[in-house]
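Residue numbers (this note's numbering): 2 to 91.
In structure tokens:
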């Protein structure tokens, strides 16, 4: 499963330790969201691998799909919606 994260732009010239900690926290939240999404999609993982598309987590913690069939895109969005309703992303 190809999952990519579009992190927000970070200023790497910041010398403030608190800002660096905040950046690390944001990165950790994105990675957590990625793994939660992978868990939610585990039932169709083989279909996702077979089609070879790409899943992207954008800066707003939304999943975008690239190069998937309409049917599989619909399944992905349905499973993510169910996972959100079940509270997996809390």
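Glycine is no exception: its CB is placed at the ideal position from the N, C-alpha and C atoms.
Item                                                                                                               : Value
Residue interval of the alpha helix (DSSP H) (run including residue 36)                                            : 18-41
Extent of the continuous alpha helix (DSSP H) to which residue 52 belongs                                          : 46-52
Residues bridged to residue 55 (per DSSP)                                                                          : 3 and 67
Residue 41 and residue 73 closer than 8 angstroms at C-beta                                                        : no
Residue closest to residue 6, alpha-carbon to alpha-carbon, out of 44, 90, 76 and 66                               : 66
Pairwise C-alpha distance: residue 8 and residue 49                                                                : 23 angstroms
Residue 77 classed as buried or exposed, judged by whether at least 16 other C-beta atoms fall within 10 angstroms : buried
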